[in-house]
Amino acid sequence: MNKLKNILVAIDFSECSRSALGQAVRLSQWNNARLHALHGIEYLTLGDAAWATHVPQEKLERDAVTEAKQALHHWLRKVEAPAETNVLVDVGAPIDCVVRRVREIKADLLVVGVTGSSMIPMGAGTLATKCLRKVPAKVMLVHERQRGPFRQIVACVDFSDQSREAVAQALRVAEQDGAEVCFLHVFTGSWGRHEMLPDAWEVDESQAAQYRRGLEL
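Heads up, the sequence shown is in my numbering, so the first residue is 1 and it goes up one at a time.
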């Protein structure tokens, strides 16, 4: 994350986004970068609330924005974020809010929780997945349990340009946190044969060993 200048962290007030905020603060301090904290308010939710309560949507929006800004300032104080952190609250589709702000502030890095308030039990959440595909910047997904420095980092390598960048960033984060780095390459070679049965995978160990030796050269 080569000398970052602007870091945007997306916060939905879930526990996972709390961890994302903590990592964003650490990275901003290490890089002396400007930190921007963003909360997006789903406009469909406001519309439904206005219809159900007969309160004008404009008033609900003003109140929601005010409450979100207060909550963001509270979270920032708790993690001792830099005083000059930029607080942003937008109304719209969350992914649109994120992409627009990334472009507007020229963010070098977006930090977001791997899952949000949807509480998806496994894998990345909907917003996190969309960010990986659509955001024109580096993206760091943070697990809820990752509240402090990284200690063990696994960088997956397929020898593409993207994996070359992943290796560089893994080494940079490892340098910051004094972490151990493991580089992992997985390849399905012609020495295996699948017999269309769940566990019928045969491997020619000599060919597999030859491939591994080639990687180590």
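By construction, the Cβ of each residue, glycine as well, lies at the ideal position given by its N, Cα and C atoms.
Sub-8 angstroms separation of Val89 and Tyr43 beta-carbons:
no
Quick one: is Pro56 buried, meaning 16 or more other Cβ sit within 10 Å of its Cβ, or exposed?
exposed
Given Leu46, which residues of its chain have a CB within under 8 angstroms of its CB, disregarding the five upstream and five downstream residues?
Gln57, Leu60, Glu61, Ala64, Val91
Which residue marks the beginning of the beta strand (DSSP E) containing Leu88, and which one marks its end?
86 to 91
Whole angstroms is fine: what's the gap from Leu38's alpha carbon to Ile7's?
11 angstroms
In angstroms, rounded to a whole number, what distance separates the CA positions of Trp51 and Phe13?
25 angstroms
For a test of the three-state rule: what should DSSP assign to Ile95, helix, strand or coil?
helix
Go ahead and pull the three-state DSSP assignment for Asn32.
coil
Which term fits Arg220, buried or exposed, when burial requires 16 or more other beta carbons within 10 angstroms of its beta carbon?
Outside the displayed span of the chain (1 to 217) sits residue 220, for which this structure offers no information.
Starting from Val111, trace the beta strand (DSSP E) in both directions and tell me its first and last residue.
109 to 113
Bridge partners - Phe183, DSSP secondary structure assignment:
Ala155
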